[in-house]
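**Q** Submitted below is the structure of interest, expressed as structure tokens.
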Amino acid sequence: MNKFTKTIQRSVLRKAALVFGLLGITAALFPVDSQALPLFARQTGQNCVACHAGGQFPELTPYGRSFKLTGYTIGDRVSVPLSVMGLATYTKVRDTSKSDNPAGDFSKNGTALASGGSLFLGGKITDNIGAFVQWTYDNFAVQNADGGYSGHSGTDNVDIRYADRFIDTNRDLIFGVSLNNNPSISDPWNTAAAWMQYVPVPSPTSSQFIDGAAPYPGFGSGGNLAGVNLYMYLNKLVYAELGTYQTANGIFSPMSAGLTDASRTKLKGVNNPYWRLALTHEWGPHNIMVGTSGMIAHLYDDNTNTSDPNSVYRVLNTGLDAQYQYILDPHTITAQVAYMRQRTNYSANTVAANVGAGSPSGFFAADGSTLLADPNDSDTTNTFRGKLTYVYQAKYGGSLAYFNLTGTTNTALQTSGYDATSTIVVDPAVSRVNANLSGNPATRGLTYEAFWMPVQYARVGVQYTAYSKFNGATDNYDGLGRNASDNNSLFFYVWGAY
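Residue numbering for the sequence shown is 97 to 594, as defined by the working numbering.
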């Protein structure tokens, strides 16, 4: 995976050239679906609606959150602690004509695909220790030089916990420690960065536009890192978590199994703190949460060169989020909102190369006359995401999701348009679909979804994503005639697990 900071800065602009097929959808759906495990249902003796709101993964009920916080240890150990999952998809983008290479830009558009599958290992190990480990195979992980694809497998999510619970007349305290490979995967609310990515935003034929991790500027580095987090939940009122992360190498290399060393996100040292604080309340069929979270990370420009201190850049993520649930058979309603602000301070090497004397300046906006600013030594992105979901009888459901990404204009990272003579300098054959003429990442849209769960381990759904802004503009965002609405996409999926 890419560095999680660059997921925000560049995923919308450049990631499409690296990932094709339906990797974006696979990455979006597989990690989050993983909580809806038949393995856990067999262990607890409960069906999916006990842990998941309306049976809809991955949104947890209060019982589901308790199961996770107590280390996946509720119930009895099962003799074969395994589950499997598969996903089939079909995607259709609105307009592929404004491309000089439709076969490359939209390589799997209009094609039914067996996207891949996952193997899960976990559940109760002892009365206080449990785990959730996911291994995923993606049929379309790598596009070869001949245009074909090669599959790849690797560790997606790992969460190994020790937990205990003390209850008396005055307090109900759950506390524990989590060893995991993805910041915020340990969070029991689905507005956290690792889970809110499921707000359905499929990509047309891979990460061509906004995949499951973008535009949310969270911690999209799953499978790359190794962290230890301490947490506690007091009186079903206050949740607090504090941890730190490092590169998943050495003794922690199983946390990033399947990745080459060059592909791992490289953090400097172990001083990369993550924090989470939330207030919660339950009454009758209602429950609500309001929280905040964040992370400070120090990363290297080049994963293969970690010896140069001038190649380290710093990223600060801070966020606010809230969730409301109403659960009373046959109705389930979930409302979620999340705001995340990310500030990136570039390395000394990047600043020297792109800012000040000799920097690439003289770029113009789409009007051909407004001069854009010089490259920045730091950038900020702000993302708001919201989702409203209704499920009836744990079978029929629908959702409406909204996403809005804004950020600073940075011509060094994002501009590929006009030069000082008002001449388009972008190469249409290379950058047409993904180009950003304005140098601004602003992207906004809505996703509509309807789904049906005929049985608790299967789900059939359809989504439609409509973009009102893309790469900083509504119309002609690439300088070559492509509009935001041309990227609107229709997405069908069939999911199953056992």
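Just so you know, even glycine gets a beta-carbon here, dropped at the ideal spot from N, CA and C.
(1) Spell out the partners DSSP gives S179 in its beta bridges.
(2) As a quick exercise: from A358, V386, I423, pick the residue whose alpha carbon is nearest that of G380.
(3) On a Cα-Cα basis, can you pick out the residue from P284, T251, L321, A241 that is closest to N278?
(4) In the region 184-272, which residue ranges form an unbroken alpha helix (DSSP H) of at least 4 residues, counting only runs that do not cross its ends?
(5) Going by C-alpha to C-alpha distance, which of S352, R360, S280 sits closest to Y327?
(6) On the criterion of 16 or more Cβ atoms from any shown chain inside 10 Å, does S246 qualify as buried, or is it exposed?
(7) Skipping 5 residues on each side, what residues in its chain have a beta carbon closer than 7 Å to that of Y553?
(8) By a C-beta neighbour count over all protein chains shown, 10 Å radius and 16 as the cutoff for buried, is R173 buried or exposed?
(9) Verify whether the separation of the beta carbon atoms of G415 and M385 is less than 8 Å.
(10) Looking only at C-alpha atoms, which of G568, P405, T157 sits nearest to A531?
(11) Have a look at G219 and D397 and give me their C-alpha separation to the nearest angstrom.
(12) For D260, count neighbouring C-beta atoms within 10 Å of its own C-beta (all shown protein chains included) and say buried if the count is 16 or more, exposed if not.
(13) What are the boundary residues of the alpha helix (DSSP H) that K164 is part of?
(14) Quick check: the Cα distance between Y420 and F566, rounded to an integer number of angstroms?
(15) Taking one C-beta from the region 155-175 and one from the region 204-217 each time, how about it: are there three or more such pairs within less than 8 Å?
(16) What residue range is occupied by the uninterrupted alpha helix (DSSP H) comprising M391?
(17) Once DSSP output is grouped into helix, strand and coil, what is the label at M549?
(18) According to DSSP, simplified to helix, strand and coil, what is N478?
(19) If you measure between the beta carbons of G182 and G213, is that distance less than 8 Å?
(20) Answer yes if the region 359-375 comes into contact with the region 336-345, meaning at least three C-beta pairs across the two stretches below 8 Å, and no otherwise.
(21) Would you decide whether Y488 is buried or exposed? Buried here means 16 or more other CB atoms lie within 10 Å of its CB.
(22) Is any beta-carbon of chain D found at less than 8 Å from that of N367?
(23) Is the beta carbon of W591 within less than 7 Å of some heavy atom of the ligand MN?
(24) Span of the alpha helix (DSSP H) holding M292?
(25) What separation, rounded to the nearest whole angstrom, lies between the Cα atoms of N579 and N500?
(26) Got a sec? Which residues, its chain only, sit under 6 Å from V590 by beta carbon, not counting five neighbours each side?
(27) Does DSSP classify I347 as helix, strand or coil?
(28) Which of the three DSSP states is assigned to T153 in this structure?
(29) Less than 6 Å between C-beta atoms, sequence neighbours within five positions excluded: which residues of the same chain meet that for A374?
(30) Roughly how many whole angstroms lie between the Cα atoms of N383 and K332?
(31) In whole angstroms, what separates the C-alpha of Q105 from that of D473?
(32) CA-CA distance, G346 and V433?
(33) Go ahead and label P426 buried or exposed: buried means 16 or more other beta carbons lie within 10 angstroms of its beta carbon, across all protein chains shown.
(34) Roughly how many angstroms separate the alpha carbons of N367 and A393, rounded to a whole number?
(35) Which residues bound the alpha helix (DSSP H) around T430?
(36) Excluding the five sequence neighbours on either side, which residues of its own chain have a C-beta within less than 7 Å of the C-beta of P177, listed in chain order?
**A** If we stick to the structure as given:
(1) Locating residue 179 in the sequence shown gives position 83, where the first residue counts as 1. Answer is F216, bridged to S179.
(2) Numbered from 1 along the sequence shown, position 284 holds the residue referred to as residue 380. Out of A358, V386, I423, I423 has the C-alpha closest to the C-alpha of G380.
(3) For this step, residue 278 is matched to residue 182 along the sequence shown. Closest option to N278, Cα to Cα, is L321.
(4) 198-201
(5) Reading the sequence shown from its first residue, position 231 is the one you call residue 327. Y327 has its Cα closest to that of S280, out of S352, R360, S280.
(6) By one-based count along the sequence shown, residue 246 stands at place 150. Counting Cβ neighbours within 10 Å, S246 comes out exposed, since fewer than 16 surround it.
(7) Reading the sequence shown from its first residue, position 457 is the one you call residue 553. Excluding residues within five positions, the ones whose Cβ falls inside 7 Å are P134, G592, A593, Y594.
(8) Residue 173 sits at position 77 when you count from the first residue of the sequence shown. So R173 ends up on the exposed side.
(9) Within the sequence shown, residue 415 is the residue found at index 319, counting from 1. Within the sequence shown, residue 385 is the residue found at index 289, counting from 1. No, these two residues do not count as a Cβ contact at 8 Å.
(10) Working through the sequence shown from its first residue, we reach residue 531 at position 435. Taking only the C-alpha atoms, the option nearest A531 is G568.
(11) In the sequence shown, the residue the question calls residue 219 occupies position 123. In the sequence shown, the residue the question calls residue 397 occupies position 301. Their backbone Cα atoms lie some 38 Å apart in a straight line.
(12) The count along the sequence shown starts at 1 and reaches residue 260 at position 164. Around the Cβ of D260, a 10 Å sphere holds fewer than 16 other Cβ atoms; the residue is exposed.
(13) Position 68 of the sequence shown, counting from 1, holds the residue named residue 164. 158-165 is the span of the alpha helix (DSSP H), which, as asked, contains K164.
(14) The residue labelled residue 420 in the question sits at position 324 within the sequence shown. The residue labelled residue 566 in the question sits at position 470 within the sequence shown. Approximately 30 Å, taken between the alpha carbons.
(15) no
(16) Within the sequence shown, residue 391 is the residue found at index 295, counting from 1. For M391, no alpha helix (DSSP H) run applies; the uninterrupted beta strand (DSSP E) run containing it begins and ends at 382-396, by DSSP.
(17) Position 453 of the sequence shown, counting from 1, holds the residue named residue 549. Three-state result, M549: coil.
(18) Here residue 478 refers to the residue found at position 382 when the sequence shown is read from its first residue. DSSP places N478 in strand when its eight states are reduced to three.
(19) The sequence position of residue 182 within the sequence shown is 86, counting from 1. The sequence position of residue 213 within the sequence shown is 117, counting from 1. Yes, Cβ-Cβ distance for G182 and G213 is below 8 Å.
(20) yes
(21) Stepping through the sequence shown from its first residue, residue 488 is reached at position 392. Its Cβ having fewer than 16 others within 10 Å, Y488 is exposed.
(22) Considering every chain present, this structure includes no chain D. It has just one protein chain.
(23) The ligand content of the structure shown is nil, which means the ligand MN is not present either.
(24) Along the sequence shown, read from residue 1 onward, the residue named residue 292 stands at position 196. Segment 289-292, the alpha helix (DSSP H) holding M292.
(25) Your numbering for residue 579 matches position 483 in the sequence shown. Your numbering for residue 500 matches position 404 in the sequence shown. When rounded, the distance between both Cα atoms is 17 Å.
(26) Residue 590 sits at position 494 when you count from the first residue of the sequence shown. Cβ neighbours of V590 beyond the five flanking positions: A184, V556.
(27) To locate residue 347, count along the sequence shown from 1; it is residue 251. Residue state, collapsed to three classes: helix.
(28) Numbered from 1 along the sequence shown, position 57 holds the residue referred to as residue 153. Note on identity: in this sequence residue 153 is Phe, with Thr being the wrong assignment. The answer is coil: DSSP assigns F153 none of H, G, I, E or B.
(29) Counted from its first residue, the sequence shown places residue 374 at position 278. For A374, where only same-chain residues beyond five positions count, the Cβ hits under 6 Å are Y335, M385, G387.
(30) In the sequence shown, counting from the first residue as 1, residue 383 sits at position 287. In the sequence shown, counting from the first residue as 1, residue 332 sits at position 236. Cα to Cα, the separation comes out at about 10 Å.
(31) Position 9 of the sequence shown, counting from 1, holds the residue named residue 105. Position 377 of the sequence shown, counting from 1, holds the residue named residue 473. Note that Q105 scores 34 on pLDDT, short of 50, meaning its location in the model is unreliable; the coordinates nonetheless yield the value given after this. One C-alpha to the other measures close to 13 Å.
(32) For the purposes of this step, residue 346 is identified with residue 250 of the sequence shown, where counting begins at 1. For the purposes of this step, residue 433 is identified with residue 337 of the sequence shown, where counting begins at 1. Approximately 38 Å between the Cα atoms of the pair.
(33) Residue numbering aside, residue 426 sits at position 330 when the sequence shown is read from its first letter. With a threshold of 16 other beta carbon atoms within 10 Å, P426 falls short and is exposed.
(34) Along the sequence shown, one-based indexing puts residue 367 at 271. Along the sequence shown, one-based indexing puts residue 393 at 297. The alpha-carbon atoms of N367 and A393 are separated by roughly 8 Å.
(35) Taking the first residue of the sequence shown as position 1, residue 430 is located at position 334. Looking at the DSSP string, T430 is not in any alpha helix (DSSP H); the run it does join, the beta strand (DSSP E), is 427-441.
(36) As a position in the sequence shown, residue 177 is number 81, starting the count at 1. The answer, listed in chain order, is L135, L217, G218, G219.
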